[in-house]
Amino acid sequence: MARVTVAVLLDRPPPSAPVEDGVPPATPAWSAETLADVEALVRDAVGFSEARGDRVTVRQGAMQAAPVIEPPPPAPWWQAAWVYRSAREGLGVLALALIAWLLIRPLLKNLSAPRAAEGPPAMALAGDAADEGETPPRNAALTALERPGLSLDDKLLLARQAVNEDAKRVAQVVKSWVGTDA
Numbered sequence: 037m038a039r040v041t042v043a044v045l046l047d048r049p050p051p052s053a054p055v056e057d058g059v060p061p062a063t064p065a066w067s068a069e070t071l072a073d074v075e076a077l078v079r080d081a082v083g084f085s086e087a088r089g090d091r092v093t094v095r096q097g098a099m100q101a102a103p104v105i106e107p108p109p110p111a112p113w114w115q116a117a118w119v120y121r122s123a124r125e126g127l128g129v130l131a132l133a134l135i136a137w138l139l140i141r142p143l144l145k146n147l148s149a150p151r152a153a154e155g156p157p158a159m160a161l162a163g164d165a166a167d168e169g170e171t172p173p174r175n176a177a178l179t180a181l182e183r184p185g186l187s188l189d190d191k192l193l194l195a196r197q198a199v200n201e202d203a204k205r206v207a208q209v210v211k212s213w214v215g216t217d218a
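In case it helps, our numbering puts the sequence shown at residues 37 to 218.
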């Protein structure tokens, strides 16, 4: 290392008197003793050597004061993060409630409502008696077919009995079934 050169600039000490009438007080200077102490400290810190031709300079001057930055005003309450999160969650709950009200509720209503008879009864006749407003007398085998809980074999046996008793009436029932399905 050929030579070390160090320059130190000290800011003036802060004023001890407060600002009066908008005029700041005069800033005092550092004492010669303080400047000598700082120079000795810097010489020791950098490894000063007179033989190499090192140089240390300590000066004082008024540095520009940092501007006072005022904190920004607080944001309005509706721009707070918690309002945004709450609104988003509230809209989610509202959407789920709307889906439940418009889709799920009608489905549950349809499932729980008793089913009305669709069309004419299965064993009703579409003959002349139905046109006149009279109900024809029912065959016992046909009436037995409408009972719930019958096995397929029982139903077939009752259907055969109904055909043997009144084939014309059974033909009309089958004809009405085919007519309503078409």
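For each residue, glycine too, the CB sits at the ideal point set by N, CA and C.
Review point. Between which two residues does the beta strand (DSSP E) containing Val44 stretch?
Key: Run containing Val44: Thr41 to Asp47, per the beta strand (DSSP E) assignment.
**Study point:** is_contact[Pro108, chain B] using C-beta, thresh 7 Å
**Key:** No chain B appears in this structure, which consists of one protein chain only.
**Study point:** Opposing strand residues paired with Arg95 [DSSP bridges]
**Key:** DSSP lists Leu45 as partners of Arg95.
Point to revise | Segment contact, 8 Å Cβ cut-off, at least three pairs: the segment 77–89 with the segment 37–50 | key: yes
Exercise for review: Please classify Ser212: does DSSP put it in a helix, a strand, or coil?
Suggested key: helix
Exercise for review: Give the straight-line distance between the Cα atoms of Leu192 and Ala136, rounded to the nearest whole angstrom.
Suggested key: 45 Å
Practice item. Can you give me the start and stop residues for the alpha helix (DSSP H) that Leu188 sits inside? Key: Leu188 to Glu201
Check your understanding: Can you tell me whether Ala123 is buried or exposed, with buried defined as 16 or more other CB within 10 angstroms of its CB?
Key -> Answer is exposed; the Cβ neighbour count stays below 16.
Review point. Which residue from Val94, Pro64 and Gly83 puts its Cα closest to that of Leu45?
Key: Val94
Exercise for review: Might you give, ordered along the chain, the residues of its own chain that have their beta carbon closer than 8 Å to the beta carbon of Leu71, omitting 5 neighbours on each side?
Suggested key: Answer for Leu71: Leu46, Val94 and Gln96, listed in chain order.
Point to revise | 7 Å Cβ cutoff met for Val78 and Val92 | key: Yes, the Cβ-Cβ distance between Val78 and Val92 is below 7 Å.
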